[in-house]
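The working numbering applies: residue 179 is where the sequence shown begins, and numbers increase by one.
All C-beta atoms, glycine included, are put in the ideal place defined by N, C-alpha and C.
Everything on this sheet refers to the single structure shown next.
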Amino acid sequence: MSFNTEKCQIVRFARQDCDNYSPEYFLNNIPLALVKSFKYLGVLISNNFSWDLHIETITARASQRLGMIKHVLFDAPKRLKRVAYLTLCRPLLEYAWEVWDPHLARRVSLLEGVQRTAIRFILGIKGRNSVSKGRISLEIELLELRRRNTRMSLMLKFLSGSSHTSFIESFNQIQNNIHSYQTCSVLGGAPLAVCANTSFYLHSFLPRTSRDLRGLP
């Protein structure tokens with residue numbers, strides 16, 4: 179197998195700046211570029227484990243797409259504007275969000291801001307009129323709620339059927355290798371709270387979704 183050196187890069191993952199340690203890597207005697215982020219399957223991954231760059235990028239793309247829709251459909255019926263937003267703009271904000279779902283309020287607000295702008299355009303809302311009432315009338319869910327429901331649905335698929343035992347056993351094995359204490363397993367079909375000693379891990383998919391599932395009635 180041959181590799182295209184122009185498409186190969188080096189990324190060093192760390193929560194702290196490690197520019198003082200930067201050895202060179204070569205492929206076919208050609209030095210590879212050291213980068214701080216790269217795109218993998220449409221998702222921007224940063225070397226500091228932050229999804230800020232990806233969220234900022236997709237919100238910018240979605241805002242640009244929404245601007246195009248507003249320009250083309252400025253006098254279209256509300257139904258057509260709604261369909262255009264749901265099919266052309268919102269998917270940009272939802273792609274692979276099980277991976278990068280933000281927990282910080284400022285990032286959640288940044289994503290919701292695009293949808294609020296779309297709702298104002300669809301309904302022609304001006305000034306301080308309520309966007310929330312307009313969203314409800316259009317039957318458009320909050321993006322944050324949609325992300326939460328999608329994460330829980332995916333987790334339940336992992337835990338259902340024949341995959342249930344293997345998933346929990348693998349999870350406990352990984353946890354025991356990282357921590358010195360025994361990780362909580364499954365009780366009554368719902369995962370218990372997951373122990374975490376870093377904020378990054380605490381708000382990642384598995385611990386966060388486990389807490390959401392515990393809150394279900």
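List the residues that DSSP assigns as beta-bridge partners of residue i.
i, result
"phenylalanine 336", "In the DSSP output, where bridge partners are listed per residue, phenylalanine 336 has none listed."
"serine 224", "Ser215"
"phenylalanine 191", "Paired residues: none, contrary to the question."
"isoleucine 208", "Leu205"
So, is residue i buried or exposed, given that buried needs 16 or more other C-beta atoms within 10 angstroms?
i, result
"leucine 299", "A small correction: the amino acid at residue 299 is phenylalanine; leucine does not occupy that position in the sequence shown. Under this definition phenylalanine 299 is a buried residue."
"alanine 168", "Residue coverage of the chain in this structure runs from 179 to 395, which leaves residue 168 outside it and unanswerable."
"cysteine 267", "buried"
"threonine 376", "exposed"
"valine 189", "exposed"
"alanine 296", "buried"
"arginine 392", "exposed"
"isoleucine 259", "In the sequence as displayed, the identity of residue 259 is lysine instead of isoleucine. With 16 or more Cβ atoms within 10 Å of its Cβ, lysine 259 is classed as buried."
"glutamine 242", "exposed"
"serine 388", "buried"
"leucine 323", "exposed"
Can you tell me the Cβ-Cβ gap for residue i and residue j, rounded? I've got them flagged as a contact below 8 Å.
i, j, result
"leucine 271", "alanine 240", "5 Å"
"threonine 237", "leucine 289", "6 Å"
"leucine 219", "leucine 231", "Wrong, their Cβ atoms sit about 16 Å apart, outside the cutoff."
"leucine 205", "glutamine 187", "Actually they do not touch by this definition, with Cβ atoms about 10 Å apart."
"isoleucine 233", "arginine 313", "Contact flag wrong, Cβ pair sits at about 21 Å."
Margin query: Please give me, in chain order, every unbroken run of the beta strand (DSSP E) with length at least 3 that falls completely inside the region 228-306.
Written below: Counting only runs of at least 3 residues, the region 228-306 fully encloses no beta strand (DSSP E) element at all.
Margin query: Assess contact between the region 323-338 and the region 268-285, defined as three or more Cβ pairs (one per stretch) separated by less than 8 Å. Is contact present?
Written below: The region 323-338 makes contact with the region 268-285, as at least three CB pairs between them are under 8 Å.
Check: Any chance the region 301-313 sits against the region 243-253, with 3 or more Cβ pairs inside 8 Å?
Finding: The region 301-313 vs the region 243-253: no contact.
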